[in-house]
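Enquirer: These protein sequence lines map, in sequence, to chains A, B and C. Throughout, the working numbering is defined as the position within the first sequence, counted from one, plus 8. Throughout, the working numbering is defined as the position within the second sequence, counted from one, plus 34. Throughout, the working numbering is defined as the position within the third sequence, counted from one, plus 723. Ideal placement from N, C-alpha and C gives every residue a C-beta, glycine not left out. Take a look at this one; I'll ask things after.
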Amino acid sequence: MKRKIRVLIAKPGLDGHDRGAKIVARALRDAGMEVVYTGLHQTAEMIVKTAVQEDVDVIGLSLLSGAHMTLFMDVTRLLKGKDMEDVLVVGGGVIPEEDIPALKKAGIAGVFGPGTRIEDIVEFIRKNVKR
Amino acid sequence: MYEKKELNKIRDKRVDWEENCYSNMAKEYPERKIKFENLSATKIKNVYTPEDIAHLDYIKDMGFPGGYPFLRGVYSTMYRGRLWTMRQFAGFGSAEETNQRYKYLLEHGETGLSVAFDYPTLYGYDTDHPLARGEFGKCGVAISSLQDMEILFSEIPIDKVTTSMTINGPAAIVWGFYIANAENRGIGKNTIGGTIQNDILKEYIAQKSFIFPPEPSMRLIVDTFEYGFKQVPRWNTISISGYHIREAGSTAVQELAFTLGDGLEYVKSAMERGLLIDEFAPRLSFFFNAHSDFFEEIAKYRAARRIWAKELKKLGAKKDRSLIMRFHTQTAGCSLTAQQPEINIVRVTMQALAAVLGGTQSLHTNSMDEALALPSEKAARIALRTQQIIAEESGVTDTIDPLGGSYYIEWLTDKIEEETYKYFEKVERFGGVISAIEKGFFQREIAESAYKYQKEIDEKERTIVGVNQYKMDEELSVPILEMDEKGEHRQINRLKKLRKDRNQSKFDRNLKRLKKAAEGVENLMPYILDCVHSYATLGETCDVLREVFGEYKEPAIY
Amino acid sequence: MNDIASRVLKGDPQSVARLITLAENNSPEAIGAMKDIHLHTGDAHVIGITGVMGSGKSTLICELTREYRKQGLEVGIIAIDPTSPFSGGALLGDRIRMMEFATDNGVFIRSMGTRGMLGGLTTAVYDVVEILDAAGMDIVMVETVGVGQAEVDVIKIADTTIVVLVPGLGDSIQMIKAGVMEIADIYVVNKADRSGVEQTLAEVESLVDIACTNRDRKTPVLTTISKESKGVVELIDEIDKHKKYLKKSKMFEVQRRKRYEAELVEIIRKRLMNFIFDESKFKGKIESLIDQISNKELDPYTAADEILGKILR
């Protein structure tokens, strides 16, 4: 049997713009994945602990407040501490081009800005999921 | 609006045209699309004629600008007298930096200020709260106390310039900062003007910056209504907002219906408190989105005015000032693309023009780089210049409601009104606005529309230039705004010092009194102002209210 | 002992989570570990919570969890949402309401899709209950959504089954029709601040009267307002009472036997089905049989005999 991809869609930080997170969650469901959604205002600790319990293959972080440099990196740092580096982490939101190299270096494998086709996110996950 | 005989003639002629001209030509040159639909999925006909507006009674359904039902405009002179207020939403980093930006914008001809607060402020947390981590000054300016407000408006003539503040959950407290700052500068409460957004219902529905549950939130809002018309008469104590509902992915019709529904809910709450409708209704204002479907947007604003006037009349309002819907407009942030950012200037121009043709009272035009980062100074200036061109070069401001009477516009205005009333009925079946929020009705409707819109773009049924058509490889060369990295540190130190230096016993006493009042039924504004004056911070004051009111948790809706 | 099993017995959350995934995916690795942990299970009290959408189950579970945590008990929560029959994907959103426990080490929450089992409980739920039990959870709550097979199945796993109703919804009548009402050990009328609560209470109580005439225990009907934490302590009391009743009346063993019976049947069914449908040697055979049935060359019973004949000799 083909293993189902499990994804955690999380909204770190304080912004309440969940339009993108919800669209991506639904699209991943429609692509046959199991999607756990955390809701708003999650700390990095909450996200990582949820990822552990749900044993997800992918974490999708959505943030539109501009706090991505701090909060996305909090998540990848905690994952390293938990020996969960094999979880694919992707991020989306209003993210300036110049921030992307640093985010990738910190372990955010894919960064998706406004205007991304959902299909591209689905494909990226299918191609890059590590387990 | 037409003689029956005349209409029959028109109909015959149209049928003939359909059968002999249009369909013949369409055989040779087929229609470009399988279906012509606007963003609200309304089918658009090939041509509109007097038949489509024959049912309208000019005097009753359209009237004249400044008169019932205010379809054609809320003031009789409209832009021939005074242009709309050019009000650019701005705020980032520390109070010092934003103060500089305001001065810059005013120097370049902006006529009103509009404050964007950062997320911790919007949620009623001080900058040094753990949940504020990484958020300082990112999406707006951080204001944690009266002291920050003093810095934000230093050297700005707040007795002359009006200020709009996008703040909801903690609106009463932040408004308190503004009032207290004016008082300390010797400016009377009755001379300051501006708006607080203060619209919690759309937070539950779309924007999600809420703090307290609906009931105490509604109480705080009615408190500001009451305090406002008695003490700060030039202030709009609410800006009932569809903007965020639209940004969350709704259609134009949903934006209008949900916003007007929220508005009526506030009116009813205030009336239940015993406030007189003609006292508070003149201070209600609205805030709409200007999206990309040009005519639909214009029709939306026109329908909004007519429905509001009708509904307020039904609720017993007598004064014209109570019946008129004054609104602010912002061009659609969600329509901006990160790809080929310069072309956003064109989008913004079209959207702004729709707002002006729709009769807005004030306008914010987005900067081209907003899908990438906070607007740079240059991008913000171009956005302002866009408004100035529409106002002073284009000539569209020379006559009032220039599209009034267009068969298409009047038909579409009617159609939007009809669809809006259908939504009112649905919400009624859910047991009213708050009950529908708790059951996730609005959230589900919006999520559904957002998903459909995205699918249409992905499947190229809807063209977004630069995104799914006319793409190009490009080097992104938009200059990004640099923020003062020491701002956060400075702010935290300032907070620490403030907490140490203030008169502790006065502070304690005022917070205790606020708590007691919150447990009762009194108007909380005077108590909040006392706390503000004793330099209680935003977080401290909100914590008192959180303790009494509890915190709202959203229902889980996809 | 299997490595992952020993770590599960120590309560290591990462291993618990991983073993659940293996079990969900019918991985052969899971079987060894499941064998090892069985000896260490049976102590957790399993509570099934079912009711229509919007009845406030998740909020109620939060309230119960908060109370159990106050008593120092560790809580496992299994939240089940329907898998889309079209895409095979699922949106697992129950966790949103439970995020307050996201940093509490004494609470383990796992979201599951119903996956292949049309409308019913995913077969892996039995495994997940055993895993959480083995990991030292004192309470395991299983939450299911909607009205259907899953609700009836929940009784087989749970020691105590709670059916949650809300006032004024026609759905409660529907639940009665669906036979779901009969499975409850405790009824909860939640959102009892709403109008129509008296009527719903009366309806449920009259049903209980009919159903319990010849029984030694009358099913209690409680009211709660979970968003105000009202009635939660009383509910926990009733759960404790039910647990004591089960132990005293020997019903506990009967109940557990039912669970193991269902689990055994499920494992056999699953392995048999996998054997038949996942093995490539049968694939072509089945396809050609379906063709023959479609062409009326064969009837479905004879076709089944052809397959089963090879196994059941």
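Does residue 326(B) come out as helix, strand or coil in the three-state DSSP assignment?
Expert: Residue state, collapsed to three classes: coil.
Enquirer: Alpha carbon to alpha carbon, how far is residue 250(B) from residue 583(B)?
Expert: Taking the straight line from one Cα to the other gives about 6 Å.
Enquirer: Closer than 8 Å, CB to CB, is residue 127(A) near chain B or not?
Expert: Yes - at least one Cβ of chain B is within 8 Å of the one on residue 127(A).
Enquirer: Determine the closest residue to residue 506(B) out of 475(B), 572(B), 372(B), 589(B), with distance taken between C-alpha atoms.
Expert: The shortest Cα separation from residue 506(B) among 475(B), 572(B), 372(B), 589(B) belongs to 372(B).
Enquirer: What residues from the segment 485 to 517 of chain B come within 7 Å of chain C, judged by C-beta to C-beta, listed N to C?
Expert: Against chain C - using a Cβ distance shorter than 7 Å - the segment 485 to 517 of chain B contributes no residues.
Enquirer: Keeping to the same chain, check which residues put their C-beta closer than 8 Å to that of residue 144(B); ignore five residues upstream and five downstream.
Expert: Cβ within range, chain order: 120, 121, 122, 418.
Enquirer: Measure how close the beta-carbons of residue 23(A) and residue 565(B) come, nearest whole angstrom, since I'm counting them as under 8 Å.
Expert: About 27 Å separates the two Cβ atoms, so there is no contact after all.
Enquirer: Between 240(B), 101(B), 106(B), which has its C-alpha nearest residue 433(B)'s C-alpha?
Expert: Closest by alpha carbon: 106(B).
Enquirer: Could you name the residues of the segment 14 to 43 of chain A whose beta carbon sits closer than 8 Å to any beta carbon of chain C, in the order they occur along the chain?
Expert: From the segment 14 to 43 of chain A, only 14, 33, 34, 36, 37, 38, 39, 40, 41, 42, 43 have a Cβ closer than 8 Å to chain C.
Enquirer: Should residue 78(A) and residue 115(A) be called a contact, given that it needs their Cβ atoms to be closer than 8 Å?
Expert: For residue 78(A) and residue 115(A), no; Cβs fall outside 8 Å.
Enquirer: What alpha helix (DSSP H) runs, 4 residues minimum, are completely inside the segment 419 to 449 of chain B?
Expert: Listed in chain order, nothing qualifies, since the segment 419 to 449 of chain B has no complete alpha helix (DSSP H) run of 4 or more residues.
Enquirer: Rounded to the nearest angstrom, how far is the Cβ of residue 300(B) from that of residue 272(B), given a contact under 8 Å?
Expert: Confirmed, Cβ separation roughly 6 Å.
Enquirer: Counting only beta-carbon separations shorter than 8 Å, does residue 56(A) have a partner in chain B?
Expert: Chain B contact via Cβ: absent.
Enquirer: Under 8 Å between C-beta atoms, does residue 334(B) make it to chain C?
Expert: With 8 Å as the cut-off, residue 334(B) does not count as an interface residue toward chain C.
Enquirer: Quick one: which residues of the segment 216 to 247 of chain B get their C-beta closer than 8 Å to a C-beta of chain C? List them in chain order.
Expert: Answer in chain order: no residues at all.
Enquirer: Roughly how far, in whole angstroms, is the beta-carbon of residue 100(A) from the beta-carbon of residue 28(A), given that I think they are within contact range, below 8 Å?
Expert: Contact holds; Cβ gap of about 6 Å.
Enquirer: With a threshold of 8 Å, are at least 3 pairs of Cβ atoms found where one atom belongs to the segment 379 to 386 of chain B and the other to the segment 355 to 371 of chain B?
Expert: Segments in contact, yes.
Enquirer: By DSSP, does residue 54(B) sit in helix, in strand, or in coil?
Expert: Reduced to three states, the DSSP call for residue 54(B) is helix.
Enquirer: Can you give me, in chain order, the residues of the segment 798 to 810 of chain C that have a beta carbon less than 7 Å from any beta carbon in chain A?
Expert: Answer in chain order: 807, 810.
Enquirer: May I have the straight-line CA-CA distance separating residue 963(C) from residue 955(C), to the nearest angstrom?
Expert: Going by the C-alpha atoms only, they are around 12 Å apart.
Enquirer: DSSP on residue 476(B), reduced to helix/strand/coil?
Expert: Looking at residue 476(B) - three-state DSSP - the assignment turns out to be helix.
Enquirer: Taking a contact to mean a Cβ-Cβ separation below 8 Å, would you say residue 228(B) touches residue 197(B) in this structure?
Expert: Cβ distance < 8 Å, so residue 228(B) and residue 197(B) count as in contact.
Enquirer: List the whole-angstrom C-beta distance separating residue 258(B) from residue 559(B), where the pair is believed to meet the contact cut-off of C-beta under 8 Å.
Expert: Sure, about 6 Å apart at Cβ, within 8 Å.
Enquirer: For residue 212(B), decide whether its Cβ has a neighbour in chain A, counting only Cβ atoms nearer than 8 Å.
Expert: Not closer than 8 Å to any Cβ of chain A, the Cβ of residue 212(B) fails to qualify, so no.
Enquirer: Does residue 54(A) pass the burial test, meaning 16 or more other C-beta atoms within 10 Å, or should it be called exposed?
Expert: The residue is buried, with at least 16 neighbouring Cβ atoms inside 10 Å.
Enquirer: Could you check the C-alpha separation between residue 909(C) and residue 879(C) for me, to the nearest Å?
Expert: Approximately 15 Å between the Cα atoms of the pair.
Enquirer: Could you tell me the distance, in whole angstroms, from the CA atom of residue 742(C) to the CA atom of residue 951(C)?
Expert: The straight-line gap from Cα to Cα measures roughly 36 Å.
Enquirer: Please name the residues in the segment 456 to 474 of chain B whose beta-carbon is closer than 7 Å to at least one beta-carbon of chain C, in chain order.
Expert: Cβ contacts with chain C come from 473.
Enquirer: If you count every other CB in all the chains shown that lies within 10 Å of the CB of residue 1033(C), and 16 or more means buried, which is it?
Expert: Looking at its Cβ environment, which holds fewer than 16 other Cβ atoms inside 10 Å, residue 1033(C) is exposed.
Enquirer: Whose C-alpha, out of 318(B), 303(B), 374(B), 397(B), is nearest the C-alpha of residue 324(B)?
Expert: Of 318(B), 303(B), 374(B), 397(B), the residue nearest in Cα terms is 397(B).
Enquirer: Residues of chain C with a CB under 8 Å from the CB of residue 587(B): which are they?
Expert: Within chain C, the residues near residue 587(B) are 820.
Enquirer: Could one say the Cβ of residue 68(A) lies closer than 8 Å to chain C's Cβ atoms, at least one of them?
Expert: So no, residue 68(A) is outside the interface.
Enquirer: Who are residue 953(C)'s beta bridge partners in DSSP?
Expert: The partner list for residue 953(C) (beta bridge, DSSP) reads 948(C).
Enquirer: To the nearest angstrom, how far is the alpha carbon of residue 771(C) from that of residue 232(B)?
Expert: Using only the alpha carbons, I get a separation of about 43 Å.
Enquirer: Kindly list the residues whose CB is nearer than 7 Å to the CB of residue 204(B), restricted to its own chain and excluding five residues on each side of it in sequence; keep chain order.
Expert: Once the five neighbours on either side are set aside, the close Cβ partners of residue 204(B) are 158, 245, 572, 576.
Enquirer: Using alpha carbons as the reference points, say which of 132(A), 43(A), 92(A), 108(A) lies closest to residue 833(C).
Expert: Comparing Cα-Cα distances from residue 833(C) to each of 132(A), 43(A), 92(A), 108(A), the minimum goes to 43(A).
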